[in-house]
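Some notes on the structure that comes next.
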Amino acid sequence: MVCGNAVAEHGFAIIPNVFADEEVKNLIENLNRLNLVRTRAGLRHGLKHPEIAALAQDPRLLHVASKLLNDRALPFRATVFDKSPTANWLVVWHQDTALPLRKRRNVPGWGPWSVKEGVVYAHASACALSKIVALRVHLDDSTPHNGPLRVLPGTHMLGVLSDDEIHNLANCIAPFDCVVRRGGILAMRPLIVHSSSKSRVDAARRVLHLEYTASEFLAEGLELAIA
């Protein structure tokens, strides 16, 4: 089930049929019962909800994450993305470089800093980001028409990039649309350059984005927060 070589080479891999339809249905029902207050794009800081925290500890997900990290896997952040006719958006090409931290410490290579919903964030070093993997659990089919994640393969190996560098790469690397069936997962490195377009269909595209690390302790006293 683990596509370690693909993630190492390309920065991502699609793993189908991890969760059965009935399991996905139960996941959706659990999320609906939470009556979550979402932002335009979805819900941040999902691990404070026991139902989401329990899913992040699912043995199948821990197995995938630990194989990709070559170590134990600790979930530290969960985000629910709920793209729908009433919440439809696009995301420009970017890397995921901001990490939640327990407290601020001025460490070279980290920053700028911000606070989101009471949690301290900093843009991290490439070294720290290389020790993280994200697993995107698809609660609906992701199709070419409903704003799937689009990636630039191999860009996770280029370090933290400037906006100009990302723009130039987007003009010279063929993008790949990550079309994933309901119940499948997309494994990805945070440094891979990625984007998504607006959905062109009248249907939901729900994704639970879970991030894992081998250790919550980072450089020079920095420690990941659970978010």
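Be aware that the sequence shown starts at 0, since it is given in numbering that gives the first Met the number 0, and climbs by one per residue. Even glycine gets a Cβ: it sits at the ideal position worked out from N, Cα and C. Bear in mind that the values here come from a model prediction, so they are computed numbers and not experimental data.
By the criterion of at least three beta-carbon pairs nearer than 8 Å, the stretch 133-150 is in contact with the stretch 194-206. With fewer than 16 other beta carbons inside 10 angstroms of its own, Ser214 counts as exposed. Taking each of Glu50, His44, Ile13 and Gly108 in turn and checking the Cα distance to Leu30, the smallest one comes out for Glu50. The stretch 126-145 and the stretch 170-190 touch, with no fewer than 3 CB-CB distances between them shorter than 8 Å. The beta carbon of Arg59 lies closer than 7 Å to those of Val17 in the same chain, with the five residues before and after it left out.
Here the stretch 206-213 makes contact with the stretch 60-73; the two share three or more CB pairs at distances below 8 Å.
With respect to the 9 Å criterion, Ala5 and Phe11 are classified as neighbours on the basis of their beta carbons. A direct Cα-to-Cα measurement between Glu116 and Asn105 gives close to 21 Å. In the DSSP assignment, Glu210 falls within the beta strand (DSSP E) that extends over Arg204 to Thr212.
Collapsing the DSSP output to three states places Ser195 in a strand.
Boundaries of the alpha helix (DSSP H) around Pro49: Pro49 to Ala55.
For the set Asn170, Leu151 and Ser141, the Cα lying nearest the Cα of Ala202 is the one of Ser141.
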